[in-house]
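2 protein chains.
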Amino acid sequence: MKKKQVHNFNPGPSALPLCVLEEIQESFLDYQYSGMSIVEISHRSRWFEGVLNDAVDRLKRLLKLDERFHVLFLQGGASLQFCMVPMNFLKAGDTADYVNTGLWSAKAIKEAQLQGKSIHIVASSEDRDFSYIPQKIPYNEGSTYLHFTSNNTIRGTQFREFPESAHIPLVADMSSDIMSRPFDVSPFGFLYGGIQKNLGAAGACLAIIRKDFLERVPETLPTMLSYRTHASKNSLFNTPACFSIYTAQLVLKWLEETIGGLEQMASINQKKAQMLYGVLDESGFYNPTAEPDSRSLMNITFRLSIQNLEAKFIQEAEMSGFYGLKGHRSVGGCRVSIYNAVTISSVAALVDFMKTFERKYG
Amino acid sequence: MKKKQVHNFNPGPSALPLCVLEEIQESFLDYQYSGMSIVEISHRSRWFEGVLNDAVDRLKRLLKLDERFHVLFLQGGASLQFCMVPMNFLKAGDTADYVNTGLWSAKAIKEAQLQGKSIHIVASSEDRDFSYIPQKIPYNEGSTYLHFTSNNTIRGTQFREFPESAHIPLVADMSSDIMSRPFDVSPFGFLYGGIQKNLGAAGACLAIIRKDFLERVPETLPTMLSYRTHASKNSLFNTPACFSIYTAQLVLKWLEETIGGLEQMASINQKKAQMLYGVLDESGFYNPTAEPDSRSLMNITFRLSIQNLEAKFIQEAEMSGFYGLKGHRSVGGCRVSIYNAVTISSVAALVDFMKTFERKYG
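Now the structure itself:
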């Protein structure tokens, strides 16, 4: 069955590269002449070991990671890491700094507080409805880490530059912009993100941990909740989400070999975002919700100046083949998610649709 | 690409029904005329809601579950439940009973002990190298639950009848035999199992929880580690392992509509096991490791009387298209895993191969 032409702007799970989907389909009954499907082979087989190691190697090359870092594929999504991060890295007497830029940051903060950990919210954009990214974050000397959310899917904001924290290690939830642009991993002790936006099928969570940060992990944690377990077993302590890791391997291959790396990916992502912000900025009909210097290149959020037209906008868009434009249920409005696999031509088609809709109802 | 003819006896991830694999492949680029792949649709879309609810409904029908039970699809496999079970169900002052029938039971026990929970090992088969299932288990009055492993993949043993525990709720890891036979869920407070053996692609863990057992869950747990969270959100608190749940839905549909239910499945599974135990019992060349009244219908474990022929047996089998026959690395020997999707004809082919191998080398 061929793919019907739709434009997928889902906030995650979201579009994957068509060539990746086609490769999965083509070999689905017989992975590498094994006679078995990728979902039927053992996670301890040479085939799956090949998948996992290739995914890790590609990720290391793309991010220019050196030997100081482990790359892991975990389960439970970023949501499980919200509690595992303070559990693993904050001993009694330790404190950590958190930046609050919206719902996902708040969830990370809540999970640290639930455990009675000592944390400080050192910056927040709540005063202006999370429409911006705080600058010059006043971290505390002596903090174990400084936690932030690199991209806020709901509010459509994104850190352009990561916080300056001198020697305090950064920890970040990068679920919605990891692998969308190059960045320097050296200031990070730990970073993590669900793979279902830029990297593959939902079910696995990418985590990158600096080896010296691993030494903070207490010996007494439940085995599955210790990053030490997963690092020492190369993500194979127990059966992982094999198929999700396989999709990540193929997306990373596409990123490296077809796109050509993170610089090229970032430039495509910038172009897509500029096309959409261009429409918003030219128009009094569509109003972007994020402040200009904090705008996300991944999630473009906006309201219609006639707010009761929003439902019609989303509905007409869907009837024209544009999916996933509804804003998050906690804020309403509209949102266009343009992760790595969303093509420039899909964005161009949406731009046309938006202009037509504005002429019709504006 | 068509499927090469191999016989997949992997211990998990393992064989899935060919018709399920074909359906996934056929619709992989375009799920239900959405124009999107199943891995590209939102977990909050009507499509995925349909997948999840259908999986839950089929499971409830197949197991004849009434309104007292929640059916959940979690992440982290059975391994994460080993720590979540005592964390959720044992308050200070509570105790629980555990039965030790091998490595997986021991892991469950270890995770309770790591948390300092008060548990009693009320029965163990360690005295005879875990080759049997203890009978008449002496549970403690006042225990919160009695935990056991229904099938032991490594040792090839299985509970024929579940422990009698009067009013003490049973809790079981059923990773390797759930949905292989009918059973009465009423005595259970909680049961769980990774889906990668009888139910689908690795990445999701099935959990069934009795609603009154949910009341035991403390309010203060990390959100993702509380069964209350997942039950109250119908497994959609965060992005689940969507593709794995989709495979489970299709396998449950096959079980219900093609096989005809759990009675029929059990009778096929019995037949397959009888064919293999028949060869073992007729022969002095192959020696089954489990005691006859404790034999698993899922994992048939044996040694060759000439043990240095085992590597040759496994190698010649693989060259003849029989995969996954190596015993678990902790015990060695041979193991044939014949989960639901392994066909009678695959077992018949293996029986022929084993007889030929015995004639050649016996």
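Residue numbers (this note's numbering), protein chains in the order written: chain A, 227 to 588; chain B, 227 to 588.
For every residue, glycine included, the Cβ atom is placed at its ideal position computed from N, Cα and C.
As the structure is a prediction and not an experimental result, all values here were calculated from the model.
Query - Helix, strand or coil at A:P514 according to DSSP, with G and I counted as helix - result: Indexing the first sequence from 1 puts residue 514 of chain A at position 288. DSSP, read as helix, strand or coil, puts A:P514 in strand.
Query raised in the report: Can you pull the DSSP bridge partners for A:N234?
Result: Residue mapping note: residue 234 of chain A aligns to position 8 of the first sequence, counting from 1. Answer by DSSP bridge pairing, in chain order: A:Y549.
Query raised in the report: Which ranges would you report for the beta strand (DSSP E) in the stretch 550 to 574 of chain A if only whole runs of at least 3 residues count?
Result: 560 to 563
Query raised in the report: Along chain A, which residues have their Cβ under 7 Å away from the Cβ of B:P444?
Result: Translated into positions along the second sequence, residue 444 of chain B becomes position 218. Under the 7 Å cutoff, chain A gives no residues; its nearest Cβ is about 11 Å from B:P444.
Requested in this report: Give the secondary structure of B:N279 by DSSP, where H, G and I count as helix, E and B as strand, and everything else as coil.
Outcome: Here residue 279 of chain B refers to the residue found at position 53 when the second sequence is read from its first residue. In the structure shown, B:N279 sits in a helix (DSSP, three-state: H, G or I).
Requested in this report: Determine which residues share a DSSP beta bridge with A:I526 and list them.
Outcome: For the purposes of this step, residue 526 of chain A is identified with residue 300 of the first sequence, where counting begins at 1. Per DSSP, A:V562.
Report task. Compare the C-beta of A:S465 with all C-beta atoms of chain B and state if any pair is closer than 8 Å. Result -> Numbered from 1 along the first sequence, position 239 holds the residue referred to as residue 465 of chain A. First, the amino acid is wrong: residue 465 of chain A is Thr here, not Ser. Yes, because at least one Cβ of chain B sits closer than 8 Å to the Cβ of A:T465.
**Report entry** Contact set between A:E337 and chain B, taken where Cβ atoms lie within less than 7 Å
**Finding:** For this step, residue 337 of chain A is matched to residue 111 along the first sequence. Near A:E337 (Cβ distances below 7 Å), the residues of chain B are P448 and T449.
Requested in this report: Taking C-beta pairs closer than 8 Å, name the residues in chain A that B:L329 reaches, listed in chain order.
Outcome: Position 103 of the second sequence holds residue 329 of chain B. What B:L329 touches in chain A: nothing, since even the nearest Cβ is about 12 Å away.
Query raised in the report: With DSSP run on the structure shown, which of helix, strand or coil describes B:L247?
Result: Residue mapping note: residue 247 of chain B aligns to position 21 of the second sequence, counting from 1. DSSP, read as helix, strand or coil, puts B:L247 in helix.
Query raised in the report: What are the uninterrupted segments assigned as beta strand (DSSP E) that are 3 or more residues long and contained completely in the stretch 344 to 377 of chain B, given in chain order?
Result: Segments of the beta strand (DSSP E) lying fully in the stretch 344 to 377 of chain B: 344 to 350 and 372 to 375.
Requested in this report: Identify, in the order they occur along the chain, each residue of the same chain with its Cβ nearer than 6 Å to the Cβ of B:P243, setting aside the five sequence neighbours on each side.
Outcome: Here residue 243 of chain B corresponds to residue number 17 of the second sequence, with the count starting at 1. Excluding positions up to five away in sequence, the list reads W480 and A567.
**Report entry** Minimum C-alpha distance to A:H456 - residue among A:K286, A:L440 and A:Y257
**Finding:** Locating residue 456 of chain A in the first sequence gives position 230, where the first residue counts as 1. Cα-wise, what sits closest to A:H456 is A:L440.
Requested in this report: Output yes if chain A places a C-beta closer than 8 Å to the C-beta of B:H456; else output no.
Outcome: Sequence index remark: in the second sequence, residue 456 of chain B carries index 230 (1-based). It does not; no Cβ of chain A falls within 8 Å.
Requested in this report: With DSSP collapsed to three states, give me the class of B:A595.
Outcome: Limits of chain B in this structure are 227 at one end and 588 at the other, which puts residue 595 of chain B out of reach.
Query raised in the report: How do the stretch 443 to 455 of chain B and the stretch 298 to 315 of chain A stand: do at least 3 beta-carbon pairs fall below 8 Å, yes or no?
Result: Verdict: yes, contact present.
Query raised in the report: Going by alpha carbons, who is nearest to B:L197 out of B:E275, B:I564, B:A575 and B:Q231?
Result: No statement about residue 197 of chain B is possible, as the shown extent of chain B runs from 227 to 588 and does not include it.
Report task. Could you confirm whether any beta carbon from chain B is found closer than 8 Å to the beta carbon of A:H269? Result -> In the first sequence, counting from the first residue as 1, residue 269 of chain A sits at position 43. Yes, because at least one Cβ of chain B sits closer than 8 Å to the Cβ of A:H269.
Query raised in the report: What separation, rounded to the nearest whole angstrom, lies between the Cα atoms of A:I471 and B:G368?
Result: As a position in the first sequence, residue 471 of chain A is number 245, starting the count at 1. As a position in the second sequence, residue 368 of chain B is number 142, starting the count at 1. Our two residues, A:I471 and B:G368, have alpha carbons roughly 44 Å apart in a direct line.
Query raised in the report: Would you call A:D353 buried or exposed, if buried means 16 or more other Cβ atoms sit within 10 Å of its Cβ?
Result: Taking the first sequence and counting its residues from 1, the one referred to as residue 353 of chain A is at position 127. Note on A:D353: under 16 other CB atoms within 10 angstroms of its CB, so exposed under the neighbour-count rule.
Query raised in the report: Nearest-angstrom Cα distance between A:T569 and A:I485?
Result: As a first step, residue 569 of chain A must be located in the first sequence, where it is residue number 343. As a first step, residue 485 of chain A must be located in the first sequence, where it is residue number 259. Roughly 12 Å between the two C-alpha positions.
Query raised in the report: Near B:F539, what residues of its chain come up, given a Cβ to Cβ distance below 7 Å and the 5 sequence neighbours on each side ignored?
Result: Indexing the second sequence from 1 puts residue 539 of chain B at position 313. Same-chain partners within the cutoff: L530, C560 and F583.
Requested in this report: Might you give, ordered along the chain, the residues of its own chain that have their beta carbon closer than 7 Å to the beta carbon of B:R454, omitting 5 neighbours on each side?
Outcome: Locating residue 454 of chain B in the second sequence gives position 228, counting from the first residue. Correct list, in chain order: L440 and V443.
Query - Residues near B:M227 by beta carbon distance below 6 Å, same chain, minus five either side - result: For the purposes of this step, residue 227 of chain B is taken as the residue at position 1 of the second sequence. With a pLDDT of 47 at B:M227, under the threshold of 50, the modelled position of that residue is not reliable, and the figure given next carries that caveat. None.
Report task. Please go through the same chain and pick out, in chain order, the residues whose beta-carbon is closer than 6 Å to the beta-carbon of A:A492, but skip the five residues on each side of it. Result -> Your numbering for residue 492 of chain A matches position 266 in the first sequence. Excluding residues within five positions, the ones whose Cβ falls inside 6 Å are R407.
Query raised in the report: For B:I434, which residues does DSSP report across the bridge?
Result: The sequence position of residue 434 of chain B within the second sequence is 208, counting from 1. By DSSP's assignment, B:I434 forms a beta bridge with B:V297 and B:L417.
Query raised in the report: Counting Cβ pairs, one atom from each stretch, are 3 or more of them under 8 Å apart for the stretch 545 to 552 of chain A and the stretch 516 to 530 of chain A?
Result: no
Report task. Give the residues of chain B in contact with A:A241, contact being defined as C-beta atoms less than 7 Å apart. Result -> Residue 241 of chain A sits at position 15 when you count from the first residue of the first sequence. By Cβ distance, chain B contributes E266.
Query raised in the report: DSSP state of B:F409, grouped into three classes?
Result: Translated into the one-based positions of the second sequence, residue 409 of chain B becomes position 183. Here B:F409 sits in coil by DSSP.
Query raised in the report: Got a sec: is the Cβ-Cβ distance from A:M227 to anything in chain B below 8 Å?
Result: Locating residue 227 of chain A in the first sequence gives position 1, where the first residue counts as 1. At A:M227 the pLDDT is 47, less than 50, meaning the model places this residue with poor confidence; the figure from the coordinates comes in the next sentence. It does; some Cβ of chain B falls within 8 Å.
Requested in this report: Could you list the residues in the stretch 472 to 496 of chain A with a C-beta less than 7 Å from some C-beta on chain B, going in chain order?
Outcome: So the list reads T473, given in the order they occur along the chain.
Query raised in the report: Under the three-state reduction of DSSP, which class applies to B:A427: helix, strand or coil?
Result: Your numbering for residue 427 of chain B matches position 201 in the second sequence. The answer is coil: DSSP assigns B:A427 none of H, G, I, E or B.
Report task. Measure the beta-carbon distance from B:D403 to B:M524 and round it to whole angstroms, keeping in mind my assumption that it falls under 8 Å. Result -> By one-based count along the second sequence, residue 403 of chain B stands at place 177. By one-based count along the second sequence, residue 524 of chain B stands at place 298. Rounded, the Cβ-Cβ distance is 5 Å, consistent with contact.
Query raised in the report: Could you give the distance in angstroms between the alpha-carbon of A:Q339 and the alpha-carbon of A:V246?
Result: Within the first sequence, the letter at position 113 stands for residue 339 of chain A. Within the first sequence, the letter at position 20 stands for residue 246 of chain A. If I take the Cα positions, the gap works out to 41 Å.
Query raised in the report: Of all the residues that make up the stretch 294 to 325 of chain B, which are near chain A by a beta-carbon distance shorter than 7 Å?
Result: Q301, G302, G303, S305, L306 and C309
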